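Chemist: For the sequence shown, this note's numbering assigns the number 56 to the initial residue and increments by one for each residue that follows.
This is the structure I have questions about; it appears just below.
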Amino acid sequence: MKRTTVLALAATGGLLLWRRARSTDDPGILGPQAVRDLYDRLGPVYDAAAAWTHRIGTGDFYGRAVRALDLQPGETAVDLGCGTGPNLPHLVEAVGPTGRVVAVDLSPGMLAQARQRVERHGWANVELVEADVRDFSFPETLHGVVGLFALEMVPEHDAVIARAVRALVPGRRIAVGGLRRPERWPEWAVRLGELVNRPFGVSRAYEDVQPWRAVEAHADTVSYEEDVLGAVYLAVGQAPDPECPRVP
Ligand SMILES: C[S@@+](CC[C@H](N)C(=O)[O-])C[C@H]1O[C@@H](n2cnc3c(N)ncnc32)[C@H](O)[C@@H]1O
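This is the structure:
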């Protein structure tokens, strides 16, 4: 096919997607039942559907987030909104066979995929918990928390992150990352990105959701970075020592 034909087809496709993005109703912030229903449906196809995000630059995002926790063999880590478990290989490797990984999600459909992953690898130290992160009780001794592409969907993420930080052994880390509104993108590209991610529940209603602010508010921030020209963020914070109150 000629280069000009390919360009014309790509431009037409982009225009159609853009027009559809403008005309489709915004589903708004999803409640827990809607999130569960959506992700139960997505479970069997989620990994294949999300694979393209790795190709556009998020690459080793999961590995990077887990490495930032600096977990040691024998320690305990929690994965909030674990989905099908892309964090699990990194978490299991970090805490080793004597450590413990607790992975939480409210969608049985996503957890079923995570369970297959756990069984395939024979990981005996991974607990999959079906729960809403808003009600989840953190383990008593906790050395690391990760939550990727999930806490944006939880309107009460500030309270969840505050509890997670309080549950951590002082000095240990939480890594929160996901999609954010890319301020450097032109408006049409933002809308297109939103449309492409709509099958995952993304919509304009989530534009102002900024879980990294909760990491900054409740933890001592260790690092904040952006990927994909500002469309993806990763914030890592450290649990403060209650003996040494933080200076606001
Ligand atoms: C986009 S997926 C991301 C899954 C995984 N962390 C990843 O990066 O592939 C979002 C996940 O968050 C889960 N989730 C959303 N709200 C939740 C809540 N309130 N409690 C527990 N899980 C939640 C969904 O069920 C879904 O599995």
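By construction, the Cβ of each residue, glycine as well, lies at the ideal position given by its N, Cα and C atoms.
Since this is a predicted model, take the numbers as computed values, not measurements.
What does the alpha-carbon distance come out to for the pair Pro144 and Arg253?
Modeler: Rounded to whole angstroms, Pro144 to Arg253 spans 27 Å at the Cα level.
Chemist: Please state the DSSP three-state secondary structure of Val264.
Modeler: Correct three-state label for Val264: coil.
Chemist: By Cβ distance, which residues of its chain are closer than 7 Å to Gly154, with the 5 residues on each side in sequence left out?
Modeler: Taken in chain order, the residues that qualify are Pro128, Gly129, Glu130, Thr131 and Asn180.
Chemist: Please look up how many angstroms separate the CB atoms of Asp160 and Glu195, rounded, as I've assumed it's under 8 Å.
Modeler: Incorrect: roughly 21 Å between the Cβ atoms, too far for contact.
Chemist: Since Asp134 sits in a beta bridge, which residues does DSSP pair it with?
Modeler: BP columns for Asp134 point to Ala158 and Val201.
Chemist: So within the segment 165–212, which uninterrupted beta strand (DSSP E) runs reach at least 3 residues, ignoring any that extend past its ends?
Modeler: Listed in chain order, the complete beta strand (DSSP E) runs (minimum 3 residues) inside the segment 165–212 are 181–185 and 197–203.
Chemist: Give a single yes or no on whether Gly248 has its beta carbon closer than 7 Å to a heavy atom of ligand 1.
Modeler: It does not: the Cβ of Gly248 is nowhere closer than 7 Å to a heavy atom of ligand 1.
Chemist: Any idea which residues DSSP pairs Ala230 with across the strands?
Modeler: Answer is Val201 and Val291.
Chemist: Could you confirm whether any beta carbon from chain B is found closer than 8 Å to the beta carbon of Leu206?
Modeler: Any reference to chain B falls outside this structure, which holds one protein chain only.
Chemist: Taking the straight line between their C-alpha atoms, what separation do you get for Ala106 and Gly83?
Modeler: Taking the straight line from one Cα to the other gives about 25 Å.
Chemist: Along the chain, where does the alpha helix (DSSP H) containing Val245 start, and where does it finish?
Modeler: Note, Val245: alpha helix (DSSP H), Glu242 to Val251.
Chemist: Determine the direct distance from the alpha carbon of Gly164 to that of Tyr94, and round the result to whole angstroms.
Modeler: One C-alpha to the other measures close to 7 Å.
Chemist: Rounding to the nearest angstrom, what Cα-Cα distance links His273 and Ala217 in this structure?
Modeler: Taking the straight line joining both Cα atoms gives about 6 Å.
Chemist: How would you write the range of the alpha helix (DSSP H) that Val277 sits in, first residue to last?
Modeler: Segment Asp275 to Asp282 is the beta strand (DSSP E) holding Val277; no alpha helix (DSSP H) there.
Chemist: Leaving aside the five residues before and after Leu197 along the sequence, list all residues of the same chain whose C-beta is less than 6 Å from its C-beta, in chain order.
Modeler: Excluding sequence neighbours, Leu197 sits near Thr131, Ala222 and Leu223.
Chemist: Do you know how far the Cα of Leu97 is from the Cα of Gly151?
Modeler: If I take the Cα positions, the gap works out to 30 Å.
Chemist: Check whether the Cβ of Gly138 sits closer than 7 Å to any heavy atom of ligand 1, and report yes or no.
Modeler: At least one heavy atom of ligand 1 is nearer than 7 Å to the Cβ of Gly138, so yes.
Chemist: So is the beta-carbon of Ala24 under 7 Å away from any non-hydrogen atom of ligand 1?
Modeler: The structure shown does not extend to residue 24, since the chain spans only 56 to 303, so no value can be given for it.
Chemist: Among residues of its own chain, excluding the 5 on either side of Pro225, which ones have a beta-carbon nearer than 7 Å to its beta-carbon?
Modeler: Ala294, Pro295, Asp296 and Pro297.
Chemist: In terms of residue numbering, what span does the alpha helix (DSSP H) encompassing Arg259 cover?
Modeler: Note, Arg259: premise wrong, no alpha helix (DSSP H); not H, not E.
Chemist: Would you identify the three-state DSSP class for Pro225, choosing helix, strand or coil?
Modeler: Strand.
Chemist: Is the beta carbon of Asp134 sitting closer than 8 Å to the one on Ala158?
Modeler: For Asp134 and Ala158, yes; Cβs fall inside 8 Å.
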